[in-house]
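>
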């Protein structure tokens with residue numbers, strides 16, 4: 250039965266290949282992609298159910314026993330994130346046909362899209378550091394394909410920088426794996442975790458830990474390595490931005506979460522203290538960026554950065570409550586960032602501009618859009634009863650319990666500023682005098698059809714917030730699980 | 032032997048980073064290629080260099096070559112090959128459409 254785990258990676262990959270053959274038949278390929286995504290969603294739900302009833306599933310490929318073969322580790326954390334990925338993907342695939350131009354759609358959008366999903370799922374599920382690198386490359390290659398779709402002037406200019414920074418950090422990733430291999434002689438995460446405790450020179454391990462952190466922080470956009478993020482994220486089509494904003498930085502955060510709870514837990518005084526400081530800086534600088542611009546897409550893109558700061562805060566505090574907070578916030582943020590990017594895409598589409606100063610009174614013509622955006626703003630800022638609140642509450646509780654007052658204050662201040670930066674779009678764009686006709690009346694029909702996938706995403710955040718009582722126990726369990734790496738090691742390596 | 036390889040990998044990294052910091056686009060692409068070569072050599076060195084021993088581990092054999100670094104390098108080479116070719120195409124298109132291959136001029140605040 251454990252083979253089902255691999256299917257969650259292989260199914261999107263197959264879908265990518267199949268959709269490539271039908272590229273010329275627009276309608277067929279659209280319906281196919283939607284069906285494939287829904288099937289994948291159902292598949293992942295089944296696997297999630299199996300894991301929640303029977304415990305962690307380990308897939309040893311080719312029946313080579315761990316630690317010798319390649320392993321996929323389907324624990325609750327990984328599979329929950331894969332499910333969230335697929336929910337986001339489903340929303341994006343229903344949004345895409347109206348949002349993409351004909352040219353963008355005809356250049357294999359759906360194939361790249363499925364490859365991206367495959368890579369992200371693989372990165373969550375792998376139990377092997379080198380395979381993590383490989384899945385990183387799979388998702389990055391797909392993202393390179395997606396980011397240049399459209400061939401615009403600014404798009405090519407920005408995507409070049411995106412490719413370069415990711416290429417550099419990938420090469421550093423390989424080098425770091427080589428370092429680790431020379432010290433512990435393994436790339437299997439469970440075995441590495443076992444062996445790092447026996448290494449005599451802990452100094453070299455801390456160096457390797459910081460190198461790993463550098464690599465993942467570049468992908469996750471942690472201060473001071475976030476400078477590359479906002480601009481490449483706003484140049485492609487909104488649906489591509491939504492996928493990037495929801496998934497790519499989160500894979501980086503997940504890797505930090507995994508590596509620094511499972512492997513490098515020897516020098517927490519040093520590494521995790523650095524994380525707390527960086528988390529505070531990430532929140533503050535990210536939100537300052539969001540306040541500095543009038544471009545609505547850029548405001549949302551900058552808002553990715555403080556969210557990364559919140560998750561780093563939980564990892565830095567390193568207690569059960571804080572880690573549960575990080576996981577809750579991670580799931581929440583994947584959903585809400587996708588919703589926000591999709592919403593902003595519609596706003597820019599109906600207003601005909603992404604400059605805040607040129608918008609006015611959109612709520613008279615698009616009330617549903619306006620209120621959806623308002624809800625999304627509240628979720629992002631962490632106002633109850635939405636899911637952002639639960640995550641932040643847990644993080645702050647964890648912070649106060651460990652007496653990390655500075656980072657708690659930074660997180661509260663930046664939450665307030667996030668609310669301010671987002672509500673600015675609402676006030677300037679949606680409020681105001683009623684105009685006789687919307688700026689582009691012919692676009693209202695498409696806009697309405699683009700809005701409903703977002704309704705699904707928003708209702709999930711409401712569900713996660715109102716139903717926190719139901720979800721919290723399993724999230725708490727995951728936090729507990731992360732604090733005890735021995736459970737992971739025992740489930741992978743059976744003596 | 033390991034020391035020579037380490038120095039070589041280091042040299043590749045240095046020249047790669049130097050090229051990466053240049054303004055001309057093609058030099059940057061070459062810089063990334065050099066860095067990836069450095070990284071690959073580095074993996075090989077980290078698995079300890081040996082000659083004349085097969086990569087077989089059975090009972091009674093204590094002289095063997097570690098096959099894992101080679102598998103890792105092979106994967107990594109394929110990936111960096113793909114990325115470099117994509118980067119070349121992208122650099123060509125970007126410089127053609129923007130009318131310059133100078134990174135100083137490849138910035139701006141217009142996003143449409």
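Protein chains in written order, with the numbering used here: chain D, 250 to 744; chain H, 32 to 143.
Heads up, the beta-carbon is just placed ideally off N, CA and C, and yes, glycines get one too.
What first and last residue would you give for the beta strand (DSSP E) that runs through residue 323 of chain D?
Run containing residue 323 of chain D: 320-323, per the beta strand (DSSP E) assignment.
> Counting C-beta neighbours from all protein chains within 10 Å, is the total for residue 480 of chain D 16 or more, i.e. buried, or is it exposed?
By the neighbour-count rule (16 or more Cβ atoms within 10 Å), residue 480 of chain D is buried.
> According to the neighbour-count rule (16 or more other Cβ atoms, all chains shown, within 10 Å of its Cβ), is residue 680 of chain D buried or exposed?
By the neighbour-count rule (16 or more Cβ atoms within 10 Å), residue 680 of chain D is not buried but exposed.
> Measuring only between beta-carbons, confirm whether residue 427 of chain D sits less than 9 Å from chain H.
At least one chain H Cβ lies under 9 Å of residue 427 of chain D.
> So, does the CB of residue 393 of chain D fall closer than 9 Å to a CB anywhere in chain H?
Judged by the 9 Å Cβ criterion, residue 393 of chain D is in contact with chain H.
> Contact between the segment 434-441 of chain D and the segment 79-96 of chain H: three or more CB pairs below 8 Å?
Result no; under three Cβ-Cβ pairs closer than 8 Å.
> Compute the Euclidean distance between the alpha carbons of residue 534 of chain D and residue 341 of chain D, then round it to the nearest angstrom.
Going by the C-alpha atoms only, they are around 29 Å apart.
> Identify which residue in D:478, D:573, D:631 and D:689 has its Cα closest to the Cα of residue 539 of chain D.
Closest option to residue 539 of chain D, Cα to Cα, is D:478.
> Given that residue 38 of chain H touches chain D, what residues does it touch there, using C-beta distances under 8 Å?
Within 8 Å Cβ-Cβ: nothing; residue 38 of chain H doesn't reach chain D, min ~15 Å.
> Tell me whether residue 354 of chain D sits in a helix, a strand or coil according to DSSP, three-state version.
In this structure, residue 354 of chain D counts as helix in the three-state DSSP scheme.
> For residue 598 of chain D, which option in D:274, D:734 and D:693 has the closest C-alpha, if you only look at C-alpha atoms?
Among D:274, D:734 and D:693, the Cα nearest to that of residue 598 of chain D belongs to D:693.
> Return no unless some Cβ of chain D is closer than 9 Å to the Cβ of residue 45 of chain H.
So no, residue 45 of chain H is outside the interface.
> What's the C-alpha gap between residue 579 of chain D and residue 560 of chain D?
Cα-Cα distance, rounded: 7 Å.
> Measure from the C-beta of residue 103 of chain H to each C-beta in chain D and report whether the shortest distance is under 9 Å.
At least one chain D Cβ lies under 9 Å of residue 103 of chain H.
> Skipping 5 residues on each side, what residues in its chain have a beta carbon closer than 8 Å to that of residue 543 of chain D?
Contacts found: 604, 605 and 606.
> Whose Cβ in chain H lies nearer than 7 Å to the Cβ of residue 754 of chain D?
The structure shown does not extend to residue 754 of chain D, since chain D spans only 250 to 744, so no value can be given for it.
> Counting pairs of beta carbons, one from the segment 61-79 of chain H and one from the segment 100-114 of chain H, are three or more of them closer than 8 Å?
Output reads yes: the segment 100-114 of chain H touches the segment 61-79 of chain H.
> Measure from the C-beta of residue 397 of chain D to each C-beta in chain H and report whether the shortest distance is under 9 Å.
Chain H contact via Cβ: present.
> Alpha carbon to alpha carbon, how far is residue 551 of chain D from residue 536 of chain D? Give it in angstroms, no decimals.
Each residue's Cα considered, the two are about 7 Å apart.
> In terms of DSSP beta bridges, what is residue 308 of chain D paired with?
Residue 308 of chain D pairs with D:321.
> Leaving out five residues before and five after residue 75 of chain H in sequence, what residues of the same chain have Cβ atoms less than 8 Å from its Cβ?
Counting only Cβ-Cβ distances below 8 Å, and skipping sequence neighbours, we find 36, 100, 101 and 104.
> Please list, in chain order, the chain D residues whose beta carbon lies closer than 7 Å to that of residue 141 of chain H.
Neighbours of residue 141 of chain H on chain D, chain order: 403.
> Return the first residue and the last residue of the alpha helix (DSSP H) that residue 468 of chain D is part of.
Here the alpha helix (DSSP H) through residue 468 of chain D covers 451-469.
> What does the Cβ neighbour count give for residue 274 of chain D, buried or exposed, with the cut at 16 atoms within 10 Å?
It is exposed - the Cβ of residue 274 of chain D has fewer than 16 other Cβ atoms within 10 Å.
> Does the beta-carbon distance from residue 595 of chain D to residue 700 of chain D come in below 9 Å?
Cβ distance < 9 Å, so residue 595 of chain D and residue 700 of chain D count as in contact.
> For residue 449 of chain D, count neighbouring Cβ atoms within 10 angstroms of its own Cβ and tell me buried if that reaches 16, exposed if not.
Label assigned to residue 449 of chain D: exposed.
> Flag residue 357 of chain D as yes if its beta-carbon sits less than 9 Å from any beta-carbon of chain H, otherwise no.
No, its Cβ sits nowhere closer than 9 Å to a Cβ of chain H.
> Would residue 344 of chain D and residue 734 of chain D be called neighbours here (beta carbons separated by less than 9 Å)?
Not in contact: residue 344 of chain D and residue 734 of chain D (Cβ atoms no closer than 9 Å).
> Against chain H, with Cβ distances strictly below 9 Å, would residue 279 of chain D count as a contact?
By this cut-off, residue 279 of chain D is not an interface position.
> Output, in chain order, the set of chain D residues within a Cβ distance shorter than 9 Å of residue 118 of chain H.
Simply 393, 409, 412, 413 and 416.
> Taking residue 200 of chain D as the reference, which of D:713, D:516, D:682 and D:591 has the closest Cα?
Only positions 250 to 744 of chain D appear in this structure, which leaves residue 200 of chain D out of reach.
> Going by the CB atoms, is the gap between residue 371 of chain D and residue 320 of chain D shorter than 9 Å?
Against a cut-off of 9 Å, the Cβ pair of residue 371 of chain D and residue 320 of chain D comes out as no contact.
> Grouping DSSP H, G and I as helix and E and B as strand, with all else coil, what is residue 131 of chain H?
The answer is coil: DSSP assigns residue 131 of chain H none of H, G, I, E or B.
> From this set, D:549, D:417 and D:614, which residue's C-alpha is nearest residue 588 of chain D's C-alpha?
Nearest C-alpha to residue 588 of chain D: D:549.
> Please tell me whether residue 382 of chain D has its Cβ less than 9 Å away from any Cβ of chain H.
Chain H, which has a Cβ nearer than 9 Å to the Cβ of residue 382 of chain D, makes this yes.
> According to DSSP, simplified to helix, strand and coil, what is residue 752 of chain D?
With chain D represented from 250 up to 744, any question about residue 752 of chain D goes unanswered, as that position is not in the structure.
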